[in-house]
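Residue 1 is where the sequence shown starts when you use UniProt numbering, and the numbers rise one by one after that. From the three backbone atoms N, C-alpha and C, an ideal C-beta is built for every residue, glycine too. Taking it in order: structure first as structure tokens, then the write-up.
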Amino acid sequence: MDPVTAVGLASAIISFVPLCVKLLQSAREIRDSLDGSVEKNLTRKAIVDEMKALSRRLKSADQARFLPEQRGLYDLALKCHELSQKILYLLDKIRPKSKSSFENYRSAYRAWSCESEIKNLEKQLNDCRSQLALGIVDLSSQDSAVYSKRILAMAQTDASRLEELQRHIEALRSGVQVEQIGTEACTQLRRLLGLQDDALAAIYQNRILESIKFENMHERDDRVHYPHEKTFNWLVEDDETPENEATGMSKSETLDMHEMKSKSRELFMNWLSSSEGIFHISGKLGSGKSTLMKLVCTRGQTRLELEKWAGNRSLLITQFFFWKPGTEMQKSLDGLYRSLLYDILHAFPELIKNVLPNIWKEVETSPWQIQTKFDLPIDVVKSALEQIIFNSESCAPRVCFCFFIDGIDEYDESHSRDHIYLVRLLRHWVKDSEGRLKMVVSSRDYNVFLNGFSADYRLQLHELTWFDMRQYVQDSLSHLPNSTLKEHLLKTIPRKACGIFLWIVLVVNEIRKKVEDDVTQDQLLQLLDGLPPGLEALFEHILNRLDENNRRTAYQIMALLRTANDNYLTLSLMEFSFLEDYHRDSELSIRDEFMSRYATDSDVSRTPEIYSKRLRGCCGGLVECYPSKPNYYGPWGVLSFTHRSIPDMLERPKIKAEMQSYLKDFSSVEALSHLIFAAAQFMKKDKTQAKGSCAGVTWMRLESRIDKPPYRFLQCVSSWVGDPFDVKPEPSRLLLHQGIQVYGNHGRRILVRYGAITRRETFSMLCQAALIGHLEYVEWSYRNNLRAIDKPWKRALVGNALLDTYLRVGLPIQSLSYFFKGPFLSLERTPFEANNLLPDGSPPATPPVGPRSSVACSYALSDEHTVWERFLVSCFLGWAGMAYPFHNDRFGLAVQQFLLHGAPSEFHIVIEPIRSPTQVTFHFPKPKNPFTVACEKNRFTIEFLIENSTGWNECDGKLSLSLLRWIRSVNPKNKAAITEILETAKECAPRSKELESAHLVVDEIAPRVTEHTDMTRPSFCCHMLLCKVFPVLVMVLGLYVGWKSRDQRREYQKAGFALPCYG
């Protein structure tokens, strides 16, 4: 029996006891009444119905598998179920069969004759009550951590179980008295409720942590590897290298090197145990800074020294490695904040509720979204992190931290947030942490870092690596038989490297290859003499030594890697294995016979071992294969540059020009698309994992606009992935999709390049194209695949995305004319479908709305609003300064188009500055209830709007803003044209003033507002006909009739007829 079922069973049993008491009391009332009737027959019937429902819950336990320790609870449930059947049978036997007085007397007699049976049932009930404490003791005595993990695992796969658990807990909390179930049972119940609270807290904590976390958060530090097992050990451990081993140097030079290492170790180890704040590791490009950082932050000796500083406080060591070739998060402040905050809260999850209180409240109110991540703006993450660092409100007072931040020179500067800002930020953290934070940072030897950090606590790494380089060369070339040659290499290679460890690694790899090719000693010496010092020169040298075909392949692989990195995609070794096949057939992945040709079990040539060798042979060691995380590719791994400086080298003019000449007829976007799609099909695994890569590929292709009708590649991917609108989410999970979250999760702020707003596993190319602004593909899809938008909510998704892109990007309004005429921006009401929000399939009475959401998902799901109405809401919030796209002139042009295509103009915004200063209410003509938005964190923008907008009407403490007055406040370039349309509509709608005043009445008469506003407005063309053309026609007709009447009167008079005279 799973935990949720067990808790539900306990809840049913606890509810069963007082209900039985009521039913037996009802039987005695029938017995004691004079005529067998009971005053509260309806109440008794309701209790009976409740008992029947409870009996079904008890019976369900009979079908559930239970653990041995749950045997007592299971037996008690069966006993309670049996007792409920007896009580229900008794009540049915003694109840009156009709409403006659005689039957009532008979009922009282039957109850009197069943007195012994009633007493027996009461005795059995007392037995159940006495066994209740024993029945739930096993549940309440479980280990809290283990129990929470079980609940979390269950909720992750089925969010409805979490909702079910919460309902059971509420049932356990409500209405249970000590006298009903006994003192001991109440004690066990309190323990059980505490256990459930711990489990729910663990689920909430996990969901918030998952929202903080980002993809590949520790990918960079995971990829850093040690060239040699003893590399840099001397910095944290006593140096065991004998002085006489350093041949190739004079005795004085050897002594100097040993002394330098000793002083460096003493400097660093003393800093670890001291109260000093920041230690700076500086070094040249490729000198091994990341390798050293990974070593010192993971070695036990580092922790031992830091614990001397920490004293009796808890110590947390965490790290972040900036990576310029990586994703946006891997080279930004947002990524730094998130990584550090995640590691801290993962270690101390009890802090989450204190540092993110608003997010915690939102999680509590939305259990149905357990797998949906929250949008956490950078300022919220930074604030939470600094609360912990600065010990705000006594947050984690007995905890101290040491951050290891690598590669701060690779932080991507943006606007005012440059390297100087980063240096000042880190120093500010340490200074204001009240001695709770130490930090080790590494960077290249740039002046901004040399000036920003104290030279008293700094290592110049490129001056200290000679011994490590020599050790690496000695161990890597130990198999050389010629000792004289070996000593020469040991002496020459480290000196020529000038402190750049990467130079050593690349050169040694080259020499090892030549040794395997049985070259002579003279050839090796000639090779070494020909190797240029410096990393850039060596890079060119490696490329020049490759033959024509391998150099072309190397440039192609590096181009593919850069394209993949730019589009948040991964290039795996398996995808590389299809590169030769792609050269033979540039459409291999979309051929009908692809699977039969390439994905056969008999193909033994496509193995990781074979293609790893081919990669090393054609790239000269500049690209390597690393294990993948998560382990989706299995033994194949993923490709990456050997060093992060290599992409920079490719931008040097000489290498860039050569690379372009080799890639003249090679499209990295086209090739990468086919390689990834080929690998996705070849893997033969669950498509869920492959869909993420496919989403990235389609976004990349749509954004680069390399496809033309009939979009064969995109259609093949769409067919293989399947229609996302047909995906049925698990019970109680809303069908959230990319476009829908234009109105959830604070708008477009979480839009990323690959277009996945919820999860990359669920994506629609139609929504992707709309978000990118690829209108040709959207229109083509509509014309050629009507099923893609065969429901109103599907059309609304695309319409919302189109308008959002129009406001963000500034598409020409003329480019949307087709969509205003078509179905996407129509005025149909489009409730977004919710699937099984409650276990019985019924929708919730009140959809869950997060208190922090400006416009929560319930807006898009429960209210039947048109795209026009949603557009007005999001634009007003954007105009108010919230996180929605807004542009005055673009907004005006879109409003004009909507009105010209028949959109109703009856729209009002209402604010109550005194009663509800943080709420904005939107009134539309059709929906029964106005829509209210809570703006807790944006109150200042509301006050600003009130003070700086002149269009507000005031009545009874409420401020109202009509669409016309709002347009005048926004002041778009086409204000005159919109004003003319709205005023014309106003002339044809004399009740508009009545409508406006109706919106300002107090809440007690709010229902009447709906009646006033529930009317359908004519289109603009109808307005013109009714208000301009029709009156002119009537006037002309009147003149014509008057003229004809005058002629007739004259003819009558000539004929001698007497005409009547009036007055």
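Run through DSSP, which three-state label would residue i get?
| i | result |
| --- | --- |
| residue 403 | strand |
| residue 634 | helix |
| residue 495 | helix |
| residue 500 | coil |
| residue 218 | coil |
| residue 20 | helix |
| residue 1071 | Residue 1071 lies beyond the residue range present for the chain, which begins at 1 and ends at 1063; the question has no answer from this structure. |
| residue 356 | coil |
| residue 911 | strand |
| residue 706 | coil |
| residue 44 | With a pLDDT of 48 at residue 44, under the threshold of 50, the modelled position of this residue cannot be trusted; read the value that follows with caution. The answer is helix: DSSP assigns residue 44 an H, G or I state. |
| residue 597 | helix |
| residue 316 | strand |
| residue 931 | strand |
| residue 519 | coil |
| residue 299 | coil |
Apart from the five residues on each side of it in sequence, which residues of its chain come closer than 7 Å, Cβ to Cβ, to residue i?
| i | result |
| --- | --- |
| residue 611 | 573, 576, 577 |
| residue 815 | 775 |
| residue 789 | 782, 795, 798, 823 |
| residue 663 | 555, 556, 559 |
| residue 535 | 285, 286, 500, 502, 503, 645 |
| residue 683 | 690 |
| residue 211 | 373, 374, 376 |
Grab me the residues of residue i's own chain with a C-beta within less than 6 Å of its C-beta, minus the 5 sequence neighbours each way, in chain order.
| i | result |
| --- | --- |
| residue 453 | 278, 280 |
| residue 571 | 560, 561, 564, 639 |
| residue 271 | 279, 457 |
| residue 809 | 773 |
Quick check on residue i: buried or exposed, where buried means 16 or more other Cβ atoms within 10 Å of its Cβ?
| i | result |
| --- | --- |
| residue 706 | exposed |
| residue 507 | buried |
| residue 620 | buried |
| residue 526 | exposed |
| residue 908 | buried |
| residue 479 | exposed |
| residue 595 | exposed |
| residue 690 | buried |
| residue 804 | buried |
| residue 651 | exposed |
| residue 585 | exposed |
| residue 89 | exposed |
| residue 869 | buried |
| residue 597 | exposed |
| residue 549 | exposed |
Tell me the DSSP bridge mates of residue i?
| i | result |
| --- | --- |
| residue 639 | 625 |
| residue 1066 | Only positions 1 to 1063 of the chain appear in the structure, and residue 1066 is not among them; the question remains open. |
| residue 438 | 402 |
| residue 460 | 282 |
| residue 572 | 638 |
Looking only at C-alpha atoms, which of the options sits nearest to residue i?
| i | options | result |
| --- | --- | --- |
| residue 955 | 912, 943, 932 | 912 |
| residue 345 | 267, 206, 766, 270 | 206 |
| residue 692 | 811, 704, 677, 433 | 677 |
| residue 347 | 336, 411, 316 | 316 |
| residue 473 | 255, 495, 892, 811 | 495 |
| residue 892 | 683, 202, 528, 975 | 975 |
| residue 817 | 433, 697, 870, 894 | 894 |
| residue 380 | 365, 395, 359, 714 | 359 |
| residue 970 | 880, 440, 903 | 880 |
| residue 267 | 287, 290, 234 | 234 |
| residue 325 | 426, 219, 349 | 219 |
Residue i CB to nearest chain B CB: under 8 Å?
| i | result |
| --- | --- |
| residue 779 | Among the chains of the structure shown, chain B does not appear; only one protein chain is present. |
For residue i, collect the residues of the same chain with a Cβ closer than 8 Å to its Cβ; drop the 5 residues on either side in sequence, then sort them by chain order.
| i | result |
| --- | --- |
| residue 391 | 397, 433, 434, 436 |
| residue 447 | none |
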